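Contents: one structure, followed by commentary.
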Amino acid sequence: MTTREPDTRAAGAVAAAGGEIGAAAEAGEASLWGDAWRDLRRRWIFWGSVSVLAVVSVMAAFPGLFTRTAANEGCDPNLSRLGPSGEHWFGTDMAGCDYYAHVVHGARPTLLIGVAVTLCALLIAMVFGMLGGYYGGFVDALIARVTDVFFGLPFVLGGTVILVAFPGHGIAAMTLVLILLGWTTMIRIMRGQVISVRDADYVQAARLLGASDRRIMTRHVLPNAIAPVIVVATLNVGNVIVGEATLDFLGVGLQYPQVSWGLQLGQAKDVFMTSPHLLIFPAAFLSATVLSFLLLGDAVRDALDPKLR
Numbered sequence: 021m022t023t024r025e026p027d028t029r030a031a032g033a034v035a036a037a038g039g040e041i042g043a044a045a046e047a048g049e050a051s052l053w054g055d056a057w058r059d060l061r062r063r064w065i066f067w068g069s070v071s072v073l074a075v076v077s078v079m080a081a082f083p084g085l086f087t088r089t090a091a092n093e094g095c096d097p098n099l100s101r102l103g104p105s106g107e108h109w110f111g112t113d114m115a116g117c118d119y120y121a122h123v124v125h126g127a128r129p130t131l132l133i134g135v136a137v138t139l140c141a142l143l144i145a146m147v148f149g150m151l152g153g154y155y156g157g158f159v160d161a162l163i164a165r166v167t168d169v170f171f172g173l174p175f176v177l178g179g180t181v182i183l184v185a186f187p188g189h190g191i192a193a194m195t196l197v198l199i200l201l202g203w204t205t206m207i208r209i210m211r212g213q214v215i216s217v218r219d220a221d222y223v224q225a226a227r228l229l230g231a232s233d234r235r236i237m238t239r240h241v242l243p244n245a246i247a248p249v250i251v252v253a254t255l256n257v258g259n260v261i262v263g264e265a266t267l268d269f270l271g272v273g274l275q276y277p278q279v280s281w282g283l284q285l286g287q288a289k290d291v292f293m294t295s296p297h298l299l300i301f302p303a304a305f306l307s308a309t310v311l312s313f314l315l316l317g318d319a320v321r322d323a324l325d326p327k328l329r
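All letters in the sequence shown, in the order written, are residues 21 to 329 by our numbering.
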């Protein structure tokens, strides 16, 4: 799974959502988002995913609530690779550092990169997908060709080549690289949704009333085209986290003394047979976080799909 993989299932399942919003607004019925929220509240998968993500978010924002030990504090090489115990719940790493503290502090860069990349990619998709889909012609052709160029870049190879040019391989470099490689799917979906609603009756009525293009796009087109993109964005956070962990695992992502779950997996791969805890704990947290984002995206997709109600 990578940040480049198009989620055609998610986009297709909620493609009718935009029209539903416009129709509901004209008929004075309950909004699509209100119906979706009522549906989500009845789904245990939604609450389970939100609970896991809430814990991970608090861990990333306030690691001091979970451990008083800094990520690289109190390390003793004589205690290298000890197994889990009462003193070190997750054991110690190869430098003799408390591994529980490392796992807790590893949540911040992992989650920060995933959310930041997705928000930036969503913003790019909203702006350029809206412009291309609404105006068409040369603007649409130019945006489409640029999108095709970036869509053709191999994720792992492209990320590796670009990151080698950044000496520090820090969080900022990782975020920029993943944004560069991860915006193409959402912009295609946004463009397709805008094309499907730009000639709707309520849009034509707004034009006849003299509304500007900016007002039409922000007040009429965007609210009716954004639902499938929101679903894909939710799923994309998990994909970005996996992409970041993959680059860390290959040794071209974040570098020590920084901490992240992907970096911990990369450092543990050579000692798994003798110290399996070094791989099991970060892998469990990484898997739970990614799975929660994917399940949350599936729940939102099903709630926004009128055919599944």
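Beta carbons: idealized from backbone N, C-alpha and C, even for Gly.
Since the model is a prediction, treat every value here as computed from it, not as a measurement.
### Query
If you check the beta carbons only, do Ala253 and Thr138 fall under 8 Å apart?
Counting from 1 along the sequence shown, the entry for residue 253 is found at position 233. Counting from 1 along the sequence shown, the entry for residue 138 is found at position 118. Against a cut-off of 8 Å, the Cβ pair of Thr138 and Ala253 comes out as a contact.
#### Entry: Pair within 8 Å by beta-carbon distance, Pro83 and Val124
Residue 83 sits at position 63 when you count from the first residue of the sequence shown. Residue 124 sits at position 104 when you count from the first residue of the sequence shown. Taking 8 Å as the Cβ cut-off, Pro83 and Val124 qualify as a contacting pair.
### Query
Taking the alpha-carbon positions, what's the Phe292 to Ser307 distance?
Looking up residue 292 in the sequence shown gives position 272. Looking up residue 307 in the sequence shown gives position 287. So the two alpha carbons sit approximately 17 Å from each other.
#### Entry: Residues of its chain near Thr89, where Cβ-Cβ distance is below 7 Å and the 5 sequence neighbours each way are ignored
Looking up residue 89 in the sequence shown gives position 69. Around Thr89: Asp118, Ala121.
### Message
Along the chain, where does the alpha helix (DSSP H) containing Ala323 start, and where does it finish?
### Response
Locating residue 323 in the sequence shown gives position 303, where the first residue counts as 1. Segment 297-324, the alpha helix (DSSP H) holding Ala323.
### Query
Could you check where the alpha helix (DSSP H) with Ala161 kicks off and where it finishes?
On the sequence shown, residue 161 is found 141 positions in, with the first residue counted as 1. Where Ala161 is concerned, the enclosing alpha helix (DSSP H) stretches over 157-171.
### Task
Return the Cβ separation of Val257 and Phe313 in integer angstroms, given the expectation that the two are a contact with Cβ distance under 8 Å.
On the sequence shown, position 237 is the one that residue 257 refers to. On the sequence shown, position 293 is the one that residue 313 refers to. The Cβ separation is near 5 Å, so the contact holds.
### Task
Return the CA-CA distance between Ala91 and Thr130, expressed in angstroms with no decimal places.
By one-based count along the sequence shown, residue 91 stands at place 71. By one-based count along the sequence shown, residue 130 stands at place 110. Going by the C-alpha atoms only, they are around 14 Å apart.
### Task
Evaluate Val184 with the Cβ neighbour count: other Cβ atoms within 10 Å of its Cβ, from every protein chain shown; 16 or more gives buried, anything less gives exposed.
Indexing the sequence shown from 1 puts residue 184 at position 164. Exposed, by the Cβ-count rule.
### Query
Given that a residue counts as buried once 16 or more other Cβ atoms are within 10 Å of its Cβ, and exposed if not, what is Gly126?
Residue mapping note: residue 126 aligns to position 106 of the sequence shown, counting from 1. By the neighbour-count rule (16 or more Cβ atoms within 10 Å), Gly126 is buried.
### Message
Please classify Pro302 as buried or exposed, where buried requires at least 16 other C-beta atoms within 10 Å of its C-beta.
### Response
Here the question's residue 302 lines up with position 282 in the sequence shown. Classification for Pro302: buried.
### Query
Going by alpha carbons, who is nearest to Gly94 out of Thr238, Glu107, Ala141?
Here residue 94 refers to the residue found at position 74 of the sequence shown. Selected option, being the one with the closest Cα: Glu107.
### Message
Taking the alpha helix (DSSP H) that Ile250 belongs to, which residues open and close that run?
### Response
One-based indexing of the sequence shown puts residue 250 at position 230. Ile250 -> alpha helix (DSSP H) spans 247-269.
### Query
Looking only at DSSP bridge pairs, what is Thr112 linked to?
For the purposes of this step, residue 112 is taken as residue 92 along the sequence shown, with counting starting at 1. Paired residue(s): Asp118.
### Message
So, under 8 Å CB-CB, Gly282 and Thr294 are touching, yes? Tell me the CB distance rounded to an integer number of Å.
### Response
Locating residue 282 in the sequence shown gives position 262, counting from the first residue. Locating residue 294 in the sequence shown gives position 274, counting from the first residue. Not really, about 21 Å apart at Cβ, beyond 8 Å.
### Query
Are the Cβ atoms of Ala164 and Gly179 separated by less than 8 Å?
In the sequence shown, residue 164 corresponds to position 144, counting from 1. In the sequence shown, residue 179 corresponds to position 159, counting from 1. No; because the gap between Cβ atoms is not below 8 Å, this pair is not in contact.
### N- and C-terminal bounds of the alpha helix (DSSP H) containing Gly68
Locating residue 68 in the sequence shown gives position 48, where the first residue counts as 1. Unbroken alpha helix (DSSP H) run through Gly68: 64-81.
### Query
Taking C-beta to C-beta, are Val214 and Val249 nearer than 8 Å?
Position 194 of the sequence shown holds residue 214. Position 229 of the sequence shown holds residue 249. The answer is no: Cβ separation not under 8 Å.
### Message
Going by DSSP, what residue range makes up the alpha helix (DSSP H) through Thr205?
### Response
Working through the sequence shown from its first residue, we reach residue 205 at position 185. Unbroken alpha helix (DSSP H) run through Thr205: 204-217.
### Message
For Leu102, which residues in the same chain have their Cβ closer than 7 Å to its Cβ, ignoring the five residues on either side in sequence?
### Response
For the purposes of this step, residue 102 is taken as residue 82 along the sequence shown, with counting starting at 1. Counting only Cβ-Cβ distances below 7 Å, and skipping sequence neighbours, we find His108, Gly111, Thr112.
### Message
Classify Arg235: buried if its beta carbon has 16 or more other beta carbons within 10 angstroms, exposed otherwise.
### Response
Here residue 235 refers to the residue found at position 215 of the sequence shown. So Arg235 ends up on the exposed side.
### Query
Alpha carbon to alpha carbon, what distance is there between Ser105 and Ala141?
Within the sequence shown, numbered from 1, the residue matching residue 141 stands at position 121. Within the sequence shown, numbered from 1, the residue matching residue 105 stands at position 85. If you take the alpha carbons of Ala141 and Ser105, they lie about 43 Å apart.
### Task
Going by CA-CA distance only, name the one from Val320, Val272, Gly263, Pro277 that's closest to Ile133.
Here residue 133 is taken as the residue at index 113 of the sequence shown, counted from 1. Ranking the options by Cα distance to Ile133, first place goes to Gly263.
### Query
Assuming Ala344 and Ala56 make a contact with CB atoms under 8 Å, what is their CB distance in whole Å?
Outside the shown range of the chain, which is 21 to 329, sits residue 344, and nothing can be said about it.
### Ala245 and Met210 closer than 8 Å at C-beta
Counting from 1 along the sequence shown, the entry for residue 245 is found at position 225. Counting from 1 along the sequence shown, the entry for residue 210 is found at position 190. In contact: Ala245 and Met210 (Cβ atoms closer than 8 Å).
### Message
Taking 7 Å as the cut-off, is the beta-carbon of Asp322 closer than that to any non-hydrogen atom of the ligand GDP?
### Response
As presented, the structure is devoid of all ligands, the ligand GDP included, so that no description of it is given.
### Among Gly190, Asp59, Arg218, nearest to Tyr155 - alpha-carbon criterion
Within the sequence shown, residue 155 is the residue found at index 135, counting from 1. The option with the nearest alpha carbon to Tyr155 is Arg218.
### Straight-line gap, Arg321 to Ile144 (C-alpha atoms, nearest Å)
Along the sequence shown, read from residue 1 onward, the residue named residue 321 stands at position 301. Along the sequence shown, read from residue 1 onward, the residue named residue 144 stands at position 124. Those two C-alpha atoms are separated by around 21 Å.
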